[in-house]
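In the numbering used here, the protein residues as written are 3 to 436. For each residue, glycine too, the CB sits at the ideal point set by N, CA and C. First the structure, in the form of structure tokens, and then the observations on it.
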RNA sequence: GGAGAGGUGACCGAGUGGUCGAAGGUGCUUGACUGGAAAUCAAGUGUACGGGCAACCGUACCGAGGGUUCGAAUCCCUCCCUCUCCGCCA
């Protein structure tokens with residue numbers, strides 16, 4: 003969420019910055035500006051009258067102590083009227099504040115000045131590549147064909163259980179999923195300094211509001227208690243570990259010395275994929291449920307851009323160790339996530355598609371999430387609390403990593419070599435038909 | 001799910017209608033004392049918004065929301081959470 007006062011005081015600037023995203027928020031922004039000025043006026047009036055009421059109330063207390071029943075009776079009506087006026091103003095003020103919040107909650111973050119222009123993902127900028135495209139003496143197969151032939155991947159039975167966009171992994175396929183969890187968590191905790199977290203997979207609406215999946219992207223989420231969809235206490239399945247992990251520090255004031263905080267978490271992720279009906283219908287690329295190891299950092303504002311580079315390298319290291327060819331692209335302004343102010347995608351090479359596909363998204367959110375979730379830190383021991391900056395990235399999406407390994411390491415005979423780094427966890431150096 | 005108890009500042013804990021942003025203690029910070037430290041003594045020590053160059057002042061906040069009242073941390077209602085016992089369960 004943007005700062006309402008900043009928006010009101012820098013209307014044109016914010017308008018221009020948001021225009022880079024290719025979206026129009028003119029009306030909403032004007033609305034915020036005028037609401038902010040009526041809030042100022044209203045709160046001044048309210049406080050003045052509250053002060054009057056408090057003074058009068060103290061006088062009443064004195065009368066009460068001196069047992070002046072008559073004096074009290076004489077003033078009661080007058081005070082009641084005053085009190086009613088205060089309540090009226092308080093209600094109005096709360097109304098204005100709610101309107102400001104409501105508007106601001108659906109306005110995206112402004113792109114950082116360093117973010118390149120562009121409308122769609124086609125205008126993202128390739129920053130660097132790592133490794134080389136594997137070459138094959140045969141036509142490389144898609145992972146879903148290989149997986150089914152090897153008996154490690156089963157969509158038919160998944161459909162029987164849960165419908166489309168679910169999968170069952172068998173044998174070494176399941177083992178590979180588990181090996182990847184362990185491998186990634188071990189790398190981040192042992193070598194990159196992250197603290198491992200095991201969070202809940204069901205969260206309150208409040209948490210989703212903190213990281214900005216709500217209120218705007220409710221359709222993308224699975225909500226529990228469907229029998230009473232309006233129950234405000236209904237829990238949601240997490241679409242990413244970002245939600246529970248970032249909100250760990252909601253409503254907290256951290257010490258500067260604690261920063262940067264670095265957490266990693268393995269969780270399943272649940273996404274309704276509403277509106278993506280025709281896309282990636284085959285294979286593991288787009289599922290309602292997938293596993294992911296997430297990395298999350300909390301940083302002082304001055305550090306956050308450098309922290310983004312660091313976090314991105316941590317995610318990249320996973321691909322390097324697995325020997326998977328990939329590239330890094332920077333989001334153009336139009337392709338930036340709702341809450342992000344700058345970000346990179348890691349795209350892994352999929353031979354069967356002859357394409358780079360997103361396997362990680364690393365973002366810095368500035369104070370956008372911190373303002374929503376009220377995550378602050380104290381710059382100096384006695385100083386005023388200040389919003390910190392949040393960051394996160396996939397480190398990595400495990401399903402897509404599984405896909406990349408099967409495709410990049412496939413052999414002419416249909417078997418799949420196990421990357422060196424996973425061999426001890428897998429207990430084998432090759433996946434063959436069972 | 002049933003019965004009971006409770007949610008107060010960084011922490012413990014007092015406060016059952018008015019002068020309570022909140023006693024007392026602990027912790028922390030600063031000062032005094034000391035060769036230094038401990039102990040002791042003194043002062044300070046929440047967050048947000050508004051005003052002021054500043055000292056500081058005003059307003060709100062005692063789990064959340066609503067109500068009663070001239071006035072609520074204190075009374076009433078609803079919800080959330082924690083603890084104890086029973087039941088059930090992994």
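If you follow the alpha helix (DSSP H) that residue i is in, where does it begin and where does it stop?
i	result
residue 147	145 to 152
residue 74	71 to 107
residue 410	400 to 410
residue 426	425 to 428
residue 246	244 to 248
residue 180	173 to 188
residue 374	370 to 375
residue 191	It is not in any alpha helix (DSSP H) - residue 191 carries neither H nor E in the DSSP assignment.
residue 211	207 to 213
Please classify residue i as buried or exposed, where buried requires at least 16 neighbouring CB atoms within 10 angstroms.
i	result
residue 285	buried
residue 140	exposed
residue 394	buried
residue 120	buried
residue 18	exposed
residue 392	buried
residue 228	Legend: pLDDT at residue 228 = 48, less than 50; position of this residue unreliable, value from coordinates given subsequently. Answer is exposed; the Cβ neighbour count stays below 16.
residue 14	exposed
residue 332	buried
residue 50	exposed
residue 249	buried
residue 402	buried
residue 316	buried
residue 9	buried
residue 280	exposed
residue 72	exposed
residue 296	buried
residue 244	buried
residue 79	exposed
Can you tell me whether residue i is helix, strand or coil according to DSSP?
i	result
residue 158	helix
residue 394	strand
residue 11	helix
residue 434	coil
residue 62	helix
residue 322	helix
residue 197	strand
residue 267	strand
residue 329	strand
residue 389	strand
residue 40	helix
residue 24	coil
residue 272	strand
residue 229	With a pLDDT of 48 at residue 229, under the threshold of 50, the modelled position of that residue is not reliable, and the figure given next carries that caveat. DSSP places residue 229 in coil when its eight states are reduced to three.
residue 34	helix
residue 420	coil
residue 281	coil
residue 51	helix
residue 204	strand
residue 307	helix
residue 167	coil
residue 239	strand
residue 56	helix
residue 288	coil
residue 131	strand
Name the residue from the options whose alpha carbon lies nearest to the alpha carbon of residue i.
i	options	result
residue 340	189, 365, 209 and 14	365
residue 130	153, 417, 350 and 424	350
residue 253	289, 371, 334 and 338	371
residue 314	400, 257, 369 and 190	190
residue 310	40, 100 and 363	363
residue 170	292, 72 and 360	292
residue 134	359, 328 and 369	328
residue 282	54, 167 and 303	167
residue 237	216, 298 and 198	216
Which residue comes first and which comes last in the beta strand (DSSP E) that contains residue i?
i	result
residue 348	344 to 352
residue 294	291 to 301
residue 256	254 to 257
residue 360	357 to 366
residue 125	Segment: none, residue 125 is in no beta strand (DSSP E) and carries neither H nor E.
Between residue i and the ligand GDP, is there a pair consisting of the residue's CB and a ligand heavy atom that are separated by less than 7 Å?
i	result
residue 418	Summarising the ligand content, the structure contains no ligands, and the ligand GDP is consequently not present.
Do three or more CB pairs link the segment 172 to 192 to the segment 422 to 433 at distances below 8 Å?
yes
Could you tell me whether the segment 276 to 293 touches the segment 92 to 105, using the rule of 3 or more Cβ pairs below 8 Å?
no
Determine contact between the segment 102 to 119 and the segment 320 to 334, defined as no fewer than three beta-carbon pairs at a distance below 8 Å.
yes
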